[in-house]
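Enquirer: Take this structure first; my questions come after.
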């Protein structure tokens, strides 16, 4: 708490500052302050308001993480979320990989705080989720489930199998990986792999998930793992159907509706229905190009916690103001 002289006289400023110090620093009640200074408690309330409105007294928040409190609260309120964590604006000029690491660090800190031994935690493949797993230092002993297959061509450090391994090494819980590619050539191959014992066991865990950490992808180059894994013809066909966002290889239109395309039949991934049934979903979606995709996924009602940056949060709030999400 700090004080500075504005338009009030020195004596007035000293009185207001003393009353404010009694209330904010010493924890005295308005009635106690009123008795001390010989005024009514209503007068004390007005003095506290005056001290705050004039700038004589300022309230500062020192959060244990680089979060923009005002933007976080606005995003949470606009979309009816349980939580929203928005990186502070100073990160807007950081390189994307630096922002990714900070997003991952926030997600790691949150998961460390809210995970319990009774949880079954699902992880989708994403660079931001990988960054989270590298930042995790402690977790209770609980199962970790991979939500989708591996994009061809990714190095082993970035693969979701390795992501699951890193987290289970910390938690000591059981690992349920998917040793298979994200996108397969046809439905028959997909169904064959889903029946393989190891993969079938992982798919069987989807109904038990209590928490999931996923990334929001935008249906455009470089902003979605699945988009980048398809050929141009299929990308265009899916875009023509209205694809705006992707989460764990499942697609959403701009209104947040699950989008049915042929893609669903040749990916190794959790289904829309299973994803929507997870009680708590932590979604990581950041950068301005992903704002519309984040908006779409939040409208689906799937997400309980969003972790993002100011670059996405500002246009996100504009989208929510223009077209308010349904309660």
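Residue numbers (our numbering): 339 to 665. Every residue, glycine too, gets a C-beta built ideally from N, C-alpha and C.
Are the beta-carbon atoms belonging to residue 637 and residue 593 less than 8 Å from one another?
Expert: Yes, they are a contact pair.
Enquirer: Decide if residue 585 is buried, meaning its Cβ has at least 16 other Cβ atoms within 10 Å, or exposed.
Expert: Residue 585 should be labelled buried.
Enquirer: If you draw a straight line from the C-alpha of residue 569 to the C-alpha of residue 559, how long is it?
Expert: Cα-Cα distance, rounded: 11 Å.
Enquirer: Should residue 445 and residue 622 be called a contact, given that it needs their Cβ atoms to be closer than 8 Å?
Expert: Contact flag set, yes.
Enquirer: May I ask which residues mark the beginning and end of the beta strand (DSSP E) holding residue 442?
Expert: Unbroken run through residue 442 is the alpha helix (DSSP H), 434-452; no beta strand (DSSP E).
Enquirer: Could you tell me the alpha carbon to alpha carbon distance between residue 477 and residue 650, rounded to whole angstroms?
Expert: Those two C-alpha atoms are separated by around 29 Å.
Enquirer: What are the complete beta strand (DSSP E) segments, minimum 3 residues, inside the segment 542-579?
Expert: Here the runs fully enclosed are 549-553.
Enquirer: Does DSSP classify residue 361 as helix, strand or coil?
Expert: Of the three classes helix, strand and coil, the one that applies to residue 361 here is helix, per DSSP.
Enquirer: With 16 as the cutoff for other CB atoms within 10 Å, does residue 659 come out buried or exposed?
Expert: Per the 10 Å Cβ criterion, exposed.
Enquirer: Here's the rule: buried if 16 or more other CB atoms are within 10 angstroms of the residue's CB, otherwise exposed. What is residue 460?
Expert: By the 10 Å Cβ count, residue 460 comes out buried.
Enquirer: Taking only the alpha-carbon atoms, compute the straight-line gap between residue 620 and residue 484 and give it to the nearest angstrom.
Expert: Computed Cα separation, rounded: 15 Å.
Enquirer: Check each candidate in 486, 361, 365 and 440 and name the one with the smallest Cα separation from residue 385.
Expert: The candidate whose alpha carbon is nearest that of residue 385 is 361.
Enquirer: When the Cα atoms are used, what is the spatial distance from residue 378 to residue 454?
Expert: Cα-Cα distance, rounded: 50 Å.
Enquirer: With H, G and I counted as helix, E and B as strand and the rest as coil, what does DSSP make of residue 371?
Expert: Correct three-state label for residue 371: helix.
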